[in-house]
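Student: First the structure, which I've put down as C-alpha cells, then a few questions once you've had a look.
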Amino acid sequence: MVGSANLNVMIKAARKAGRSLVKDFREVENLQVSRKGAGDFVTKADLASEKIIRDELMGARPTYGWIAEEGGAAEGQDPTRRWIVDPLDGTTNFLHGLPHWGVSIALEHKGEVVAGVVFDPAKDEMFFAEKGAGAWMNDTRLRVSGRHRMIESIFATGLPFAGRADLPETLQDLARLLPVCAGVRRWGAAALDMAYVAAGRYDGFWERRLQAWDMAAGVVIVREAGGLIEPLDPRGDILGDGEVICANDALFDGFAKVIRG
Ligand code: IPD
Ligand code: CA
Ligand code: CA
Ligand code: CA
7 MVGSANLNVM IKAARKAGRS LVKDFREVEN LQVSRKGAGD FVTKADLASE KIIRDELMGA
67 RPTYGWIAEE GGAAEGQDPT RRWIVDPLDG TTNFLHGLPH WGVSIALEHK GEVVAGVVFD
127 PAKDEMFFAE KGAGAWMNDT RLRVSGRHRM IESIFATGLP FAGRADLPET LQDLARLLPV
187 CAGVRRWGAA ALDMAYVAAG RYDGFWERRL QAWDMAAGVV IVREAGGLIE PLDPRGDILG
247 DGEVICANDA LFDGFAKVIR G
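If you count the sequence shown from 1, you need to add 6 to reach the numbering used here.
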C-alpha cells in the first residue's frame with residue numbers, strides 16, 4: 007500500500023521510537039520509574055520515545071499542533087491539524103517485562119482523525135490506516151472478524167487499577183457480558199486492543215476512562231477495517247469523553263446493548 011506523505015512521516019517516527027523502546031526494554035530492570043498517580047507510571051523510556059516522535063513529526067510538519075501523554079499540548083500555526091501521540095501505550099506491561107506495548111500516533115484534521123499508526127515493536131507489527139484508504143498491518147489488509155454470535159466472540163477491555171473510581175461500572179459491565187460471550191481479555195494496551203479488533207483478533211473492545219492519545223489512532227484503524235466504533239454514551243464524543251466501544255459490524259448492536267445496559 008502506498009501511503010500519503012503524512013502517513014510515511016508517522017510510520018518513520020513510530021519505527022524510530024520503537025527502536026529506542028526495544029533497547030530500553032532489554033534493560034528494563036535498570037529503568038527509574040516515577041509514579042504520576044496510583045498505578046500510573048512513567049519512565050525514561052516513555053520520555054525518550056516521546057522526544058523522538060516529537061522531533062520527527064514537528065521537524066516534518068512544523069505548523070501542526072501537538073498533544074501527547076507526557077509532554078502536554080501545543081497549538082500549531084495551523085489550527086486545523088494536530089498530532090495525538092502516546093509514546094508508550096502499555097507502560098505497566100513494559101515495566102513487568104511483558105512484551106505487549108506499543109506506540110500510537112494519530113493525525114487529526116478539523117476534529118476528525120484522518121490517519122493512525124499503532125506500532126508493536128516487540129512483534130514487528132505496524133498497524134496503520136488512513137481515511138478512505140483501508141487499514142493495514144505491515145503489508146496485509148485488515149478486516150474485522152466475521153463472527154456474529156456473542157457466545158463465540160471474545161472482547162477486550164481495560165480494568166481500573168488502584169486509585170480509579172470507575173470500578174463499579176466496569177464490574178457491572180463484566181457481570182452482564184461474561185455470561186453471554188466466549189471470554190474477556192485485559193492485555194494492558196488500549197491502542198493495541200483497538201488494532202486487534204481491526205485485525206479480527208478480538209471481536210470487540212470497550213473501555214472507560216481512556217485519554218485521547220490511547221484511542222485516536224485506533225479510531226481510524228477500526229473504521230477502515232470495517233468495524234463500528236462509537237462513544238459509550240451515544241450522544242457523546244469518543245476522544246473527549248474517553249469512553250469507547252467498538253466491534254465488528256455484525257456484533258456491534260448486540261454487544262453495545264449488553265455494555266450500555
Ligand atoms: C494505559 C493502557 C491500558 C489502559 C489504561 C491506559 P499507558 O495506557 O492503554 O490498557 O487500561 O487506562 O492508561 O498509561 O500505558 O499509556
Ligand atoms: Ca501512562
Ligand atoms: Ca496509553
Ligand atoms: Ca503512555
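Every residue gets a Cβ at the ideal spot worked out from N, C-alpha and C, and that includes glycine.
For F211, write down the residues that DSSP places opposite it in a beta bridge.
Tutor: Looking up residue 211 in the sequence shown gives position 205. Note: F211 sits in a beta bridge opposite A162, C252.
Student: Tell me which residue opens and which closes the alpha helix (DSSP H) that S55 is part of.
Tutor: Taking the first residue of the sequence shown as 1, we reach residue 55 at position 49. S55 -> alpha helix (DSSP H) spans 50–66.
Student: Does the stretch 195–208 come into contact with the stretch 148–156, if we say contact requires no fewer than three beta-carbon pairs (one atom in each stretch) closer than 8 angstroms?
Tutor: yes
Student: Measuring from each Cβ to the nearest heavy atom of ligand 2, keep the ones under 6 angstroms and list them in chain order.
Tutor: D46, E75, T97
Student: Considering V34, what are the terminal residues of the beta strand (DSSP E) in which it resides?
Tutor: Position 28 of the sequence shown, counted from the first residue, corresponds to residue 34. Note, V34: premise wrong, no beta strand (DSSP E); not H, not E.
Student: Taking Cβ to Cβ, would you say P237 is nearer than 8 angstroms to E249?
Tutor: Your numbering for residue 237 matches position 231 in the sequence shown. Your numbering for residue 249 matches position 243 in the sequence shown. For P237 and E249, yes; Cβs fall inside 8 angstroms.
Student: What are the residues that DSSP puts in a beta bridge with D95?
Tutor: Locating residue 95 in the sequence shown gives position 89, counting from the first residue. Paired residues: G108.
Student: What is the DSSP secondary structure of G24, counted as helix, strand or coil?
Tutor: Within the sequence shown, residue 24 is the residue found at index 18, counting from 1. It is helical.
Student: Kindly identify the DSSP beta-bridge partner or partners of P174.
Tutor: Taking the first residue of the sequence shown as 1, we reach residue 174 at position 168. In DSSP, P174 forms no bridge with anything.
Student: I'd like to confirm the pairing. Which residues does DSSP put opposite R41 in its beta bridges?
Tutor: Position 35 of the sequence shown, counted from the first residue, corresponds to residue 41. Answer is F47.
Student: Nearest to A74 by CA position, among V186, I227, N36, P93, is which residue?
Tutor: Taking the first residue of the sequence shown as position 1, residue 74 is located at position 68. Selected option, being the one with the closest Cα: P93.
Student: Note down, in chain order, each residue of its chain lying with its Cβ closer than 6 angstroms to the Cβ of D199, except the 5 sequence neighbours on either side.
Tutor: For the purposes of this step, residue 199 is taken as the residue at position 193 of the sequence shown. A162, F211.
Student: Which residues in the same chain as D172 place their Cβ atom closer than 8 angstroms to its Cβ, once the five residues preceding and following it in sequence are excluded?
Tutor: Reading the sequence shown from its first residue, position 166 is the one you call residue 172. The residues are P166, R214, R215.
Student: Among residues of its own chain, excluding the 5 on either side of M221, which ones have a beta-carbon nearer than 7 angstroms to its beta-carbon?
Tutor: One-based indexing of the sequence shown puts residue 221 at position 215. Around M221: A196, M200, I244, L245, V250.
Student: Please find out if some non-hydrogen atom of ligand 3 comes closer than 7 angstroms to the beta-carbon of A51.
Tutor: The sequence position of residue 51 within the sequence shown is 45, counting from 1. No, Cβ of A51 sits at least 7 angstroms from all heavy atoms of ligand 3.
Student: Taking buried to mean at least 16 other C-beta atoms within 10 Å of its own C-beta, is T146 buried or exposed?
Tutor: If you number the sequence shown from 1, residue 146 lands on position 140. Counting Cβ neighbours within 10 Å, T146 comes out exposed, since fewer than 16 surround it.
Student: For A222, does the three-state DSSP call read helix, strand or coil?
Tutor: Residue numbering aside, residue 222 sits at position 216 when the sequence shown is read from its first letter. Note: A222 maps to helix in three-state DSSP.
Student: Exposed or buried, which one is D84 when buried takes at least 16 other CB atoms within 10 Å?
Tutor: Position 78 of the sequence shown, counted from the first residue, corresponds to residue 84. Counting the other Cβ atoms within 10 Å of the Cβ of D84 gives fewer than 16, which makes it exposed.
Student: Use the C-beta contact count for T86: other C-beta atoms within 10 angstroms, 16 or more gives buried, fewer gives exposed.
Tutor: Here residue 86 corresponds to residue number 80 of the sequence shown, with the count starting at 1. Under this definition T86 is an exposed residue.
Student: By Cβ distance, which residues of its chain are closer than 8 angstroms to K263, with the 5 residues on each side in sequence left out?
Tutor: Within the sequence shown, the letter at position 257 stands for residue 263. Same-chain partners within the cutoff: there are none.
Student: Straight-line CA distance for A20 to I59?
Tutor: Residue mapping note: residue 20 aligns to position 14 of the sequence shown, counting from 1. Residue mapping note: residue 59 aligns to position 53 of the sequence shown, counting from 1. Linking A20 to I59 through their CA atoms gives a straight-line distance of about 7 angstroms.
Student: Got a list of residues with beta-carbon closer than 5 angstroms to any non-hydrogen atom of ligand 3, in chain order?
Tutor: D92, D95, D220
Student: Distance check for R88 and L183, CA to CA, integer angstroms please.
Tutor: Against the sequence shown, residue 183 aligns to sequence position 177. Against the sequence shown, residue 88 aligns to sequence position 82. Rounded to whole angstroms, L183 to R88 spans 36 angstroms at the Cα level.
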